[in-house]
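Reading through the structure tokens given below for one structure.
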Amino acid sequence: MRKYLILLFILVAMLISACGENEEGNGEDDATETSAEETSASGSEGAKWKPEESIEIIAPAGAGGGWDTTARMAAQVFSEEGIIDGNIGVVNMEGGGGAVAWAHVAGFEENPYKLFVSSPPIIFIPLNGQSEYGHEEFTPIANIIADYAAFAVREDAEWDSINELFEDMKEDPESITVVGTSSPGSMDHMQFVQIAKAAGVDITKIRYVSAQDGGGLTQLLNGSVDVYSTGVAETVEQVRAGNIKVLGVTSEERLEGDVLEDFPTVKEQGIDETFVNWRGFFGPPNMSPDALAYYEAKFKELSDSDAFAEIRSQFGWDELYMNSEEYSQFLDEQKESLGALMDELGLGN
Amino acid sequence: MGSLEGIITGFQTALSVEAIFFVLIGVFVGTIIGMLPGLGPISAIAVMIPMTFGMEPSIALIMIAGVYYGAIFGGSTSSILLNAPGVSGTVATAFDGYPMAQQGKAGKALAIAAIASFVGGTVSVILLMLLAPALSSVAISFGPPAYFALMVLGLTAIASLSEGSTTKALISAVAGFMVVTIGIDAQTGTQRFTFGSINLLDGIDFLVIALGLFAIAEVCTLVLNRKDTSLKKFHNIGSLRLSKKDFKEMSGPMSRQSLLGFLIGVLPGAGATIASFIAYISEKRIAKKPEEFGKGSVKGLTAPETANNAATSGAFVPLLSLGIPGSGTTAVMLGAFLVMGVQPGPMLMTERPEIFWGVIASMYIGNIFLLILNLPLIPYFAKVLKIPRPMLISLVIVFSMIGVYAVSFNTFDLYMLLLFGAIGFIMRLFSFPAPPFILAFILGGMMEQSFRQSLTISNGDLMIFITNPISCALLIISLLSFVFPLIGVVRKKKGN
Chain A
45 MRKYLILLFI
55 LVAMLISACG
65 ENEEGNGEDD
75 ATETSAEETS
85 ASGSEGAKWK
95 PEESIEIIAP
105 AGAGGGWDTT
115 ARMAAQVFSE
125 EGIIDGNIGV
135 VNMEGGGGAV
145 AWAHVAGFEE
155 NPYKLFVSSP
165 PIIFIPLNGQ
175 SEYGHEEFTP
185 IANIIADYAA
195 FAVREDAEWD
205 SINELFEDMK
215 EDPESITVVG
225 TSSPGSMDHM
235 QFVQIAKAAG
245 VDITKIRYVS
255 AQDGGGLTQL
265 LNGSVDVYST
275 GVAETVEQVR
285 AGNIKVLGVT
295 SEERLEGDVL
305 EDFPTVKEQG
315 IDETFVNWRG
325 FFGPPNMSPD
335 ALAYYEAKFK
345 ELSDSDAFAE
355 IRSQFGWDEL
365 YMNSEEYSQF
375 LDEQKESLGA
385 LMDELGLGN
Chain B
524 MGSLEGIITG
534 FQTALSVEAI
544 FFVLIGVFVG
554 TIIGMLPGLG
564 PISAIAVMIP
574 MTFGMEPSIA
584 LIMIAGVYYG
594 AIFGGSTSSI
604 LLNAPGVSGT
614 VATAFDGYPM
624 AQQGKAGKAL
634 AIAAIASFVG
644 GTVSVILLML
654 LAPALSSVAI
664 SFGPPAYFAL
674 MVLGLTAIAS
684 LSEGSTTKAL
694 ISAVAGFMVV
704 TIGIDAQTGT
714 QRFTFGSINL
724 LDGIDFLVIA
734 LGLFAIAEVC
744 TLVLNRKDTS
754 LKKFHNIGSL
764 RLSKKDFKEM
774 SGPMSRQSLL
784 GFLIGVLPGA
794 GATIASFIAY
804 ISEKRIAKKP
814 EEFGKGSVKG
824 LTAPETANNA
834 ATSGAFVPLL
844 SLGIPGSGTT
854 AVMLGAFLVM
864 GVQPGPMLMT
874 ERPEIFWGVI
884 ASMYIGNIFL
894 LILNLPLIPY
904 FAKVLKIPRP
914 MLISLVIVFS
924 MIGVYAVSFN
934 TFDLYMLLLF
944 GAIGFIMRLF
954 SFPAPPFILA
964 FILGGMMEQS
974 FRQSLTISNG
984 DLMIFITNPI
994 SCALLIISLL
1004 SFVFPLIGVV
1014 RKKKGN
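Heads up: the sequence lines are chains A and B, in that order.
Just so we're aligned, residue 45 is where the first sequence starts under my numbering, counting upward by one.
Just so we're aligned, residue 524 is where the second sequence starts under my numbering, counting upward by one.
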């Protein structure tokens, strides 16, 4: 009988080590190896840098979210289209809204095999004082896609345009509750605040509730709150079912796609402001210029590929490519404007 | 398309050879991964998602769903045999399952768990099939005040989870509340008790605490009592056969908790863990011999096992009919749907009936597979107990550590596991019960958040808890369940 048992444990052990490899890629052990290889790569061969071991892309959040999906889809297209030969593994590293993963990558200075995906929280979270590492510490490689915010209310709500809502909020900002998934001072809150400020609402008086685990939509539908600040994609099915209506989206122009094209932008309603939920890839601090040039080119190729275009349309993302230099500059500007906004709210640190 | 036609389409999908094959794979992988302490449905689904690339979406999702409920099904095994919860939904299973195994009735305990899981799973799938569209309004009926009141109701049970000193149970619960406040506060974004450590930003994972307080503490106790001969029985597996009396005892909890577990599962955010605790507590409340609970009671094992599987099916209501993921696991499932190009939501039932109903119909088949996979394998699973004690202890420690590490890939959590193991061991030495700690930890976070959400919405007016009908009703029930035992005590005293 013990035979079976030993067999079972061997099976289980194999299963676990297999899962471990899939998810972890080559965790710690490549830290030492790479420093040696990296010097040889940047030293003798000069401009032509090529990955010689597997690349790890970290999604600084759990499976299933926006970062995770972006990282996995990018890795999939890189491999399937043969843009990058060799292994690319996606690793989820959850915690602190990204802070845990950033601190991890910050420890892999110059290592060209540790990339991560990020979006506006890499601006918000350091500003909130929840991460000592911000975008300045890392090497921005390229921005890839853009997503936009949507502000939704129940179908039977009294407001039919974003202006009607903001007019009521100007009169009595405390009569209206906004719900979002992130905590105050992070994305769902700040995207609403940014637009509301441009419309002239007293942003220090906005009542914001943070609800996790799908609670935002639940609370909107059952009438606990008035406005749901979220991403465009989250609203589509509910709009089609006639449960909610979108008062405004934060893109420059109307979005393309079936239901999406019916969403009015806040801009066309006379509020001169946009909010982009950009998503791009970063490398560790001080990545060598050769490795950076390599990745920049590969991400450009990814962004231009038909396969990725298909993925963009599947998930309702917009194309927004920026190379490393444009991206760095963009990030600095974002930090400045959002920092000012957070100071006004008393959330800055 | 009407529901009936939809159901028929669903069965057509679910009964295809391909679907049956992949359900089998899904539930098998789910059971195995669920059995390993700490590795739960999230890890199991994450492992399986890459396998689904290129598969027909309905088949892929049927398989992923199978992994999910398979993991909850399998999670009970390690709870019963090792006191190491396989998944968070099976913590309450250990309360009576493990004592039963210690009494040399491991086979019986596993058989009860398998049958209760099967009944809970199947009854709730029937409810899901008949009521899914109608229940979507129930799923969103709970606003923050109602969630708060539900958590209060759960907490009134702390006293009934204690053996002996109520004071010690309350101290234990307060400690649980304190620990759950660690991390970033969602309502303000402020860090609480993180001591500047990024590892504590998200608080402490439930599994770290459950495995620490149960598995590691148990291991310490086993080492301490290694010379104790009374545990010899532990090597016995006993007969698998359940007597008529056992079935009679099981029938009550099974019928009640299938329904209750399902309803709690429907509420986003509540889930299998809370359902299993509430099931355990409510059965203890109405039991004729509540003193048997915690000592290997058939009812005490049946109730959480029925409820956690019922809740798992219940969680599909908000996911499939609203596109609302009510938990970390269903969020990962939602991700899997999106990868397949399927958008769960109110339109899914009419636009992709083969997926909506196919997933539901496949759950009947999955549950049957789980039963026929698990029952004959029980003697082999239970052989774990035949492993010499020193080896078994080492294995439990190793698997607990693997489980914790696989969730976060963070060595810090391993230290936390050991810390909570030590805390759990000390608590045992001084007979502080661990279940109230765990219960307060599960309910506390949600209770605090929904309390503060409610007050933000009402501008600080506490009346919101009274004016909201659901919350008002639940609070009254909580009050009654608190007052009734007191009246009993007073009467007894008068009588004396």
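Where is the CB? At the ideal position from N, CA and C, for every residue including glycine.
As the structure is a prediction and not an experimental result, all values here were calculated from the model.
In the structure shown, Leu391 (chain A) falls within a coil segment according to DSSP collapsed to helix, strand and coil. Using a C-beta cut-off of 8 Å, the region 627-636 of chain B makes no contact with the region 918-934 of chain B, since fewer than three inter-stretch Cβ pairs fall below that distance. Close to chain B, meaning a Cβ-Cβ distance shorter than 7 Å, are the following residues of the region 264-277 of chain A: Leu265, Asn266, Ser268 and Val269. Within the region 601-683 of chain B, the complete alpha helix (DSSP H) runs of at least 4 residues fall at 614-625, 629-662 and 667-678. Considering only beta carbons, the part of the region 138-152 of chain A lying closer than 8 Å to chain B consists of Glu138, Gly139, Gly140, Gly141, Ala143, Val144 and Ala147, in chain order. For Val121 (chain A), the secondary structure class from DSSP, reduced to helix, strand or coil, is helix. Of all alpha-carbon atoms in A:Gly133, A:Asp306 and A:Ser123, the one lying nearest the alpha-carbon of Val570 (chain B) is that of A:Gly133. Counting of Cβ neighbours within 10 angstroms places Thr248 (chain A) among the exposed residues, the total staying below 16.
Neighbours of Gly259 (chain A) across chain B, judged by C-beta separation under 7 Å: Pro791 and Gly792.
Here Thr711 (chain B) carries a coil assignment [DSSP, helix/strand/coil]. With fewer than three CB-CB distances shorter than 8 Å, the region 870-881 of chain B does not count as touching the region 817-827 of chain B. Contact between the region 608-615 of chain B and the region 797-804 of chain B is present: three or more C-beta pairs spanning the two stretches fall below 8 Å. Neighbours of Met870 (chain B) across chain A, judged by C-beta separation under 8 Å: Glu281, Arg284 and Ala285. Interface residue (Cβ-Cβ distance to chain B less than 8 Å): Pro228 (chain A) is classified as such.
Taking the Cα positions, Gly141 (chain A) is about 43 Å away from Leu898 (chain B). The Cβ atoms of Pro668 (chain B) and Asn991 (chain B) lie closer than 8 Å to each other.
Assignment of beta strand (DSSP E) within the region 175-211 of chain A, counting only whole runs of 3 or more residues, yields 183-198 in chain order. DSSP lists A:Ile101 as the beta-bridge partner residues of Leu159 (chain A).
Sequence-distant Cβ neighbours of Tyr670 (chain B) in its own chain, meaning closer than 6 Å and more than five residues away, are Ser973. As DSSP reads the structure, Asn136 (chain A) sits in a beta bridge with A:Ala103.
Residues of the region 720-734 of chain B with a C-beta atom less than 8 Å from some C-beta of chain A are Ile721, Asn722, Leu724 and Asp725, listed in chain order. Here Phe729 (chain B) is near Ile965 (chain B), since their CB atoms are less than 8 Å apart.
Taking the beta carbon of Ala709 (chain B) as reference, the chain A residues within 7 Å of it are Ser227, Ser254 and Gln256, listed in sequence order. Taking Ser347 (chain A) as reference, the option from A:Ser175, A:Thr114 and A:Phe182 with the minimal CA-CA separation is A:Thr114.
Interface annotation for the region 232-251 of chain A against chain B: Arg251, criterion Cβ-Cβ distance under 8 Å.
Between Ser695 (chain B) and the set B:Ser1001, B:Pro956, B:Asp984 and B:Leu562, the nearest pair of CA atoms involves B:Pro956.
At a cut-off of 8 Å between beta carbons, Asp350 (chain A) makes no contact with chain B. Listed in chain order, the positions of the region 850-867 of chain B with a beta carbon within less than 9 Å of a beta carbon of chain A are Ser850, Gly851, Thr853, Ala854, Val855, Met856, Leu857, Gly858, Ala859, Leu861, Val862, Gly864, Gln866 and Pro867.
Taking the Cα positions, Ser762 (chain B) is about 13 Å away from Lys906 (chain B).
In terms of beta-carbon proximity, Thr575 (chain B) stays away from the interface with chain A, with every pair separated by 8 Å or more. Within the region 577-609 of chain B, no residue places its CB atom closer than 7 Å to a CB of chain A. Ala945 (chain B) and Cys743 (chain B) have their C-alpha atoms some 8 Å from each other. Each of B:Ile993, B:Asn759 and B:Gly706 was checked against the Cα of Gly968 (chain B), and the nearest Cα belongs to B:Gly706. In this structure, DSSP gives Asn890 (chain B) a helical state, which the three-state scheme calls helix. Exclusion of the five residues before and after Glu772 (chain B) leaves Val821 and Lys822 as the residues of its chain whose Cβ lies within less than 6 Å of its Cβ. Non-local C-beta neighbours of Ala190 (chain A) in its own chain, meaning closer than 6 Å and more than five positions away in sequence, comprise Val320, Trp322, Asp362 and Leu364, ordered along the chain.
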